[in-house]
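**Student:**
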């Protein structure tokens, strides 16, 4: 569906089949896990791209997907790594905005854990990632298996089956490194400090072996 390597000569390019090229705001080019990566400062620093139908509120649409990426945090304070929204820069309220992956800051969970969550907040709480160290994170979803989180190619938790009778078909913006306007459940609306590399978005649920292959380039 999409692949953002953040490599030169064009760090905004999607090398996937749909050409969903992105926009960079106040993020710096740094050495990555594979070639180059983007470094985010935590304040109005983000990458965004438009055209993600498969990520449209996930459970409400019963659409399978996978998000995979390398992360190298400078801080594990509460922050959003991945948000989807119908709005490019949301000031229009919380409707259908979702913080999918990030570091926990609230809701009774342990501060600083990496988490993946869905609509109505079925959440998987992963481990504490080490700062200044590259870790591979993957989030797979299907109505059969629900939300499964992988760290460095190993599954660390799953919600089990999650379904909905609703249908939501809006094409979404993908925001990387920042969240606009809305804190959802455990992941706050705060900017991420650190680097991100090799973001893959799939319109299907990857198998464990496929996730492991991404975690071992």
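Residue numbers (UniProt numbering): 1 to 217. C-beta atoms are modelled at their ideal positions from N, C-alpha and C, and glycine is treated no differently. In this text, all values refer to a predicted model and were calculated from it rather than measured experimentally.
1. Return the bridge partner residues of residue 64 from the DSSP annotation.
2. Where do the N-terminal and C-terminal ends of the beta strand (DSSP E) with residue 11 fall, by residue?
3. Using the rule of at least 16 other Cβ atoms within 10 Å of the residue's Cβ for burial, across every protein chain shown, is residue 189 buried or exposed?
4. Between the alpha carbons of residue 181 and residue 200, how many angstroms are there, rounded?
5. I need the straight-line Cα distance from residue 74 to residue 179, nearest angstrom please.
6. Tell me the rounded alpha-carbon separation between residue 98 and residue 36.
7. Tell me the rounded alpha-carbon separation between residue 59 and residue 29.
8. So, helix, strand or coil for residue 198, using DSSP?
9. Smallest Cα separation from residue 10: which of 149, 116, 45, 21?
10. Over the uninterrupted alpha helix (DSSP H) stretch that includes residue 211, give me the two end residues.
11. For the beta strand (DSSP E) holding residue 81, just list the boundary residues, first then last.
**Tutor:** The structure says:
1. Taking the chain shown and counting its residues from 1, one reaches residue 64 at position 64. The partner list for residue 64 (beta bridge, DSSP) is empty, contrary to what the question assumes.
2. Here residue 11 refers to the residue found at position 11 when the chain shown is read from its first residue. Annotation: residue 11 is outside any beta strand (DSSP E) and is labelled neither H nor E by DSSP.
3. In the chain shown, residue 189 corresponds to position 189, counting from 1. Answer is buried; the Cβ neighbour count reaches 16.
4. Counted from its first residue, the chain shown places residue 181 at position 181. Counted from its first residue, the chain shown places residue 200 at position 200. Distance between the alpha carbons of residue 181 and residue 200 is about 25 Å.
5. Translated into positions along the chain shown, residue 74 becomes position 74. Translated into positions along the chain shown, residue 179 becomes position 179. A straight-line Cα-Cα distance of about 18 Å links residue 74 and residue 179.
6. Here residue 98 refers to the residue found at position 98 of the chain shown. Here residue 36 refers to the residue found at position 36 of the chain shown. So the alpha carbons of these two residues sit roughly 28 Å apart.
7. Position 59 of the chain shown, counting from 1, holds the residue named residue 59. Position 29 of the chain shown, counting from 1, holds the residue named residue 29. Note that residue 59 scores 49 on pLDDT, short of 50, meaning its location in the model is unreliable and no value can be drawn from it.
8. One-based indexing of the chain shown puts residue 198 at position 198. Residue 198: strand per DSSP, three-state reduction.
9. Within the chain shown, numbered from 1, the residue matching residue 10 stands at position 10. Closest option to residue 10, Cα to Cα, is 21.
10. Here residue 211 refers to the residue found at position 211 when the chain shown is read from its first residue. Per DSSP, the continuous alpha helix (DSSP H) segment holding residue 211 begins and ends at 208-214.
11. As a position in the chain shown, residue 81 is number 81, starting the count at 1. 79-85 is the extent of the beta strand (DSSP E) around residue 81.
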